[in-house]
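Counting in our numbering, the sequence shown runs from 1 upward without gaps.
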Amino acid sequence: GQTMKMARRVSFRLPKDPKRVLVAPAVFVALSWFGRTTYLSSPRRPASSQPHASRRFYRSMASTLGASILPAFSLKKRGGTKTKATVAIDITEKEKIPVKIVTFDFTGTLGKVNGPTEDHYIRALQDVIDGKKLVYDDWNFEDEQEKLKSHLFPAFVVAYKDQMRRFPNFGYGKMTTRRWWDNVIYETFSKAGLPKEVLNDVKEPVGRLLYDNFAKGDVWILFPEVLHMLDELKSNGIRMGVVSNFDERLEGILKHLGILGYFKFVLTSVDIGIEKPSPAIFEKVMELSETEFPEEILHVGDTIRTDVEGAMNMGMPFVFVERDGEDGALAIVDMLKERGLQQDYLAPGGISTNHTKCNVVRSLASVVDIVESHR
């Protein structure tokens with residue numbers, strides 16, 4: 001939730017019979033106009049979340065008026081002709097909206113590739129060469145294997161980024177994800193130095209084999225703490241979902257890993273043609289979570305641009321997973337300070353950086369405590 005602080009002391013001269021004047025509605029209207037304008041125009045509120053903020057503001061105002069303003073009226077007779085009513089309004093309590101749903105990114109958050117990516121690529125190439133019994137006069141797999149392998153991962157990073165730049169979101173609306181990955185795999189081996197003659201012979205079967213292998217759970221592995229954390233959240237009545245910039249294979253991967261049943265929904269960028277950090281994908285998360293309040297959703301991810309900024313822009317609390325280093329924690333502390341939000345994101349279990357705690361964790365084991373602190 002966001003913190004709304006108001007301190008106003010308003011004095012009125014009322015007729016002798018105060019029942020004839022509706023003071024409370026007048027105060028409500030005045031404060032609603034002032035507070036709603038200030039609150040909803042805040043830079044921490046994106047335009048896409050304004051309807052939810054509006055509903056939340058009036059709900060907060062109504063409860064505050066009922067609990068604080070009406071009992072604060074003190075009527076004192078002055079000279080027997082008029083009554084002075086002093087209304088003291090002090091809204092200093094942070095409205096607490098409990099977290100009811102936790103959403104997770106997948107890659108780097110819940111799971112990762114089981115072993116180096118280049119190992120899977122070199123193994124697929126060897127399987128195809130051996131299976132097709134391919135032999136070349138001037139190139140031998142056994143002799144070139146280690147050299148090729150040493151260049152594969154840097155080549156993959158370049159090929160992936162270039163393909164994502166040219167055809168964002170796994171080619172959504174332009175090509176199938178299988179073809180998109182075929183292009184990445186071809187460029188990876190090409191940039192790593194695989195001779196063109198060999199590459200042309202193996203590109204289709206290697207592409208098919210890698211695409212199918214990466215759809216299975218044995219190529220992926222969960223981080224050690226994930227199962228225990230999911231069990232704890234489930235036992236505490238927390239609903240969960242997955243939202244990830246991923247292709248249509250993700251649900252099958254989660255099933256292979258044995259965790260699909262924990263999640264109310266699995267939403268990928270390919271499912272709806274929108275990637276994080278777009279507000280649209282987080283609005284879809286709210287729809288699937290069946291809530292109007294972004295503060296009820298805690299998003300957990302390992303990427304600042306897509307996960308942290310995406311959640312923050314929607315007004316959702318977040319957890320940033322940084323398993324090594326503290327560059328991300330420092331960057332997030334700076335981001336929070338720039339937006340004036342650092343006090344809203346303090347939480348137990350976070351990494352202490354420059355004497356400031358924020359929701360940056362080394363392990364997902366801390367997520368359970370963070371969720372409880374938001375309830």
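We put the beta carbon where it would ideally sit given N, CA and C, even for glycine.
As the structure is a prediction and not an experimental result, all values here were calculated from the model.
Name the residue from the options whose alpha carbon lies nearest to the alpha carbon of residue i.
i	options	result
R178	G207, R166, R165, F265	G207
M312	S289, E322, E283, D324	E283
H421	I221, S244, L210, E197	This structure gives no information on residue 421, because the portion of the chain shown stretches from 1 to 375.
V158	F189, D143, D138	F189
F104	K147, L230, R323	L230
Q163	N183, D327, S150	N183
Y262	V226, I274, V333, A280	V226
Q145	G193, V367, G173, Y172	G193
Y160	S366, E187, F141	E187
E142	L152, D130, E287, F153	D130
P224	H374, S363, V333	S363
P116	E287, L209, F153	F153
Considering residue i, what are the terminal residues of the alpha helix (DSSP H) in which it resides?
i	result
I376	The chain is shown only over 1 to 375; residue 376 falls outside these bounds and no answer can be derived.
G207	196-213
L364	No alpha helix (DSSP H) contains L364, which DSSP labels as neither H nor E.
R178	177-192
R339	327-339
I253	250-257
Have a look at residue i and residue j and give me their C-alpha separation to the nearest angstrom.
i	j	result
K132	L125	11 Å
L267	G301	14 Å
R36	T303	Unreliable positioning characterises R36 in this predicted model, as indicated by a pLDDT of 45, which lies under 50. A coordinate reading is not provided.
I370	F246	26 Å
S289	P205	40 Å
A67	T291	Unreliable positioning characterises A67 in this predicted model, as indicated by a pLDDT of 39, which lies under 50. The coordinate reading is nonetheless provided below. Cα to Cα, A67 sits roughly 25 Å from T291.
Y211	W181	7 Å
A329	V128	44 Å
N169	L134	35 Å
A347	A331	Summary for A347: the model assigns pLDDT 44, below 50, so the residue's position carries little reliability; its value from the coordinates is reported in the next sentence. About 17 Å.
M335	G315	14 Å
K191	E118	13 Å
L257	P195	36 Å
I253	L222	11 Å
V319	V308	8 Å
S373	T176	43 Å
A365	H228	8 Å
Assuming residue i contacts residue j under a Cβ cut-off of 8 Å, what Cβ separation, rounded to an integer in Å, is found between them?
i	j	result
L233	M240	6 Å
V321	T109	5 Å
P277	R305	6 Å
K149	I185	Not confirmed; about 15 Å, so no contact.
N114	V219	6 Å
I102	V367	Per the sequence presented here, residue 102 reads as Val, with Ile not at that position. Correct: roughly 7 Å between the Cβ atoms.
P317	E295	7 Å
What residue does the beta strand (DSSP E) around residue i start on, and which one ends it?
i	result
L267	265-268
G301	297-301
R305	Looking at the DSSP string, R305 is not in any beta strand (DSSP E), and its letter there is neither H nor E.
G241	239-244
V321	318-321
L222	220-222
Hey, which unbroken runs of the alpha helix (DSSP H) at 4 residues or more fall wholly within the segment 97-175?
117-132, 141-166, 168-171
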